[in-house]
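Colleague: Have a look at the structure that comes next, please.
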């Protein structure tokens with residue numbers, strides 16, 4: 039198990055050739071918002087870097103750099119080795135290869151720089167704010183213009199779309215199994231690649247989104263990763279909070295393994311329950327009770343505002359993520375909006391806009 043010890047942070051600004059500068063050692067305050075792909079503007083990162091030289095600020099504002107990459111998490115506790123282990127090859131599992139010896143850091147944002155501005159907090163502390171959005175250039179510019187010969191399949195269709203995204207650094211991530219239909223007639227495609235992705239998603243009855251330079255597509259019954267246990271030992275902060283029509287709110291230390299569309303597992307007894315309003319109680323004609331429905335605990339009775347379902351196994355889908363960090367301050371956490379696995383909750387409009395994962 040990784041140890042949440044010693045923060046790890048890297049911020050890289052890159053040009054179109056992949057060359058650039060690292061600003062990891064400066065004070066950086068950042069906020070990143072990741073939501074489902076129902077409105078593209080939901081994948082935005084704001085990074086305020088303090089006390090750079092005027093020369094570096096001019097390079098940034100002069101649009102020398104077009105891309106940003108941010109890696110965060112924890113370095114963990116270095117392992118203790120004795121003299122006999124020095125220089126000895128050690129086998130590791132596939133899961134340990136990316137995060138060996140208790141480390142837990144990884145990519146939390148990769149995107150295109152859209153706007154920069156300079157300012158000061160006081161006479162001595164200056165900053166430059168870099169505002170970015172994930173896959174913006176490719177989302178706007180990628181076009182799919184091709185004629186598929188008779189006998190084409192949805193796999194060929196998707197592969198062509200992927201080739202059209204490739205010049206913008208966008209690749210395919212998690213993709214479900216596609217329909218195997220072989221079409222007897224050819225098809226001419228002339229549309230934005232994002233619209234072509236909508237076509238594929240409809241065939242799979244799935245939703246798709248960009249994240250960190252990749253396209254992910256998932257149907258409602260699939261998840262980006264298996265359940266990650268969240269408790270005080272693994273970075274859970276405080277108690278998860280049940281809401282009215284807005285899922286379960288969870289705050290954890292920054293963990294790059296927790297991703298949009300993935301599963302997390304909570305101790306259901308640790309979820310702080312929300313009470314019904316006085317109006318709901320006053321207007322009730324009888325007992326308002328809870329019952330188990332498809333593995334979820336829901337309120338039954340004539341209530342206009344339904345509390346979010348509580349999953350009896352503690353499994354929740356991550357519907358949105360807000361990252362907050364300050365490399366010289368206290369903030370270093372993620373706010374998750376989680377929906378009970380298998381639930382059919384009636385959600386508020388604001389939550390629907392945030393967590394429309396299919």
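In this note's numbering, the protein residues as written are 39 to 396.
For every residue, glycine included, the Cβ atom is placed at its ideal position computed from N, Cα and C.
Can you give the Cα-Cα distance for residue 26 and residue 274, rounded to whole angstroms?
Modeller: Absent from the model: residue 26. The displayed extent of the chain is 39 to 396, so no value can be given.
Colleague: In whole angstroms, what is the alpha-carbon distance linking residue 288 and residue 261?
Modeller: Taking the first residue of the chain shown as 1, we reach residue 288 at position 250. Taking the first residue of the chain shown as 1, we reach residue 261 at position 223. Using only the alpha carbons, I get a separation of about 18 Å.
Colleague: If I measure Cβ to Cβ from residue 265 and keep anything under 6 Å in the same chain, skipping five residues before and after, which residues do I get?
Modeller: Taking the first residue of the chain shown as position 1, residue 265 is located at position 227. Closer than 6 Å at the Cβ level, and outside the excluded window around residue 265, lie 301, 303, 353.
Colleague: Report the rounded CA-to-CA distance for residue 132 versus residue 59, giving the unit in angstroms.
Modeller: Within the chain shown, residue 132 is the residue found at index 94, counting from 1. Within the chain shown, residue 59 is the residue found at index 21, counting from 1. At residue 132, the pLDDT of 43 sits below 50, so the modelled position is not reliable; the number obtained from the coordinates is stated separately. Spanning the two alpha carbons is a distance of roughly 31 Å.
Colleague: When DSSP labels each residue in this structure, what does residue 110 get in the three-state scheme?
Modeller: Reading the chain shown from its first residue, position 72 is the one you call residue 110. Strand at residue 110.
Colleague: Please work out which residues of its chain come closer than 7 Å, Cβ to Cβ, to residue 181, disregarding the five sequence neighbours upstream and downstream, and give them in chain order.
Modeller: Along the chain shown, one-based indexing puts residue 181 at 143. Closer than 7 Å at the Cβ level, and outside the excluded window around residue 181, lie 202, 230, 231.
Colleague: From the DSSP output, in three-state form, read off residue 236 for me.
Modeller: Numbered from 1 along the chain shown, position 198 holds the residue referred to as residue 236. Residue 236: helix per DSSP, three-state reduction.
Colleague: Would you call the CB atoms of residue 61 and residue 87 closer than 7 Å?
Modeller: The count along the chain shown starts at 1 and reaches residue 61 at position 23. The count along the chain shown starts at 1 and reaches residue 87 at position 49. Going by C-beta atoms, residue 61 is nearer than 7 Å to residue 87.
Colleague: Inspect the beta-carbon positions of residue 170 and residue 146 and report whether they are closer than 7 Å.
Modeller: As a working mapping, residue 170 is identified with position 132 in the chain shown. As a working mapping, residue 146 is identified with position 108 in the chain shown. Not in contact: residue 170 and residue 146 (Cβ atoms no closer than 7 Å).
Colleague: When you compare each of 183, 253, 177, 247 to residue 209 by their alpha carbons, which one comes out closest?
Modeller: Mapped onto the chain shown, residue 209 falls at position 171. The candidate whose alpha carbon is nearest that of residue 209 is 253.
Colleague: For residue 351, which residues of its own chain have a beta-carbon under 7 Å away from its beta-carbon, when the five flanking residues on both sides are left out?
Modeller: Position 313 of the chain shown, counted from the first residue, corresponds to residue 351. Hits under 7 Å: 333.
Colleague: Between which two residues does the beta strand (DSSP E) harbouring residue 143 extend?
Modeller: Within the chain shown, numbered from 1, the residue matching residue 143 stands at position 105. Start and end: 142-158.
Colleague: On the DSSP letters alone, give me the boundaries of the beta strand (DSSP E) that residue 279 sits inside.
Modeller: Sequence index remark: in the chain shown, residue 279 carries index 241 (1-based). Residue 279 -> beta strand (DSSP E) spans 274-280.
Colleague: Just verifying my parser: in three-state terms, what is the DSSP assignment at residue 261?
Modeller: One-based indexing of the chain shown puts residue 261 at position 223. Residue state, collapsed to three classes: coil.
Colleague: Check the DSSP bridge columns for residue 69 and list the partner residues they point to.
Modeller: By 1-based counting over the chain shown, the position of residue 69 is 31. Partner(s): 84, 362.
Colleague: Assign residue 215 to buried or exposed, taking buried as 16 or more other Cβ atoms, counted over all protein chains shown, within 10 Å of its Cβ.
Modeller: As a working mapping, residue 215 is identified with position 177 in the chain shown. Flag for residue 215 reads exposed.
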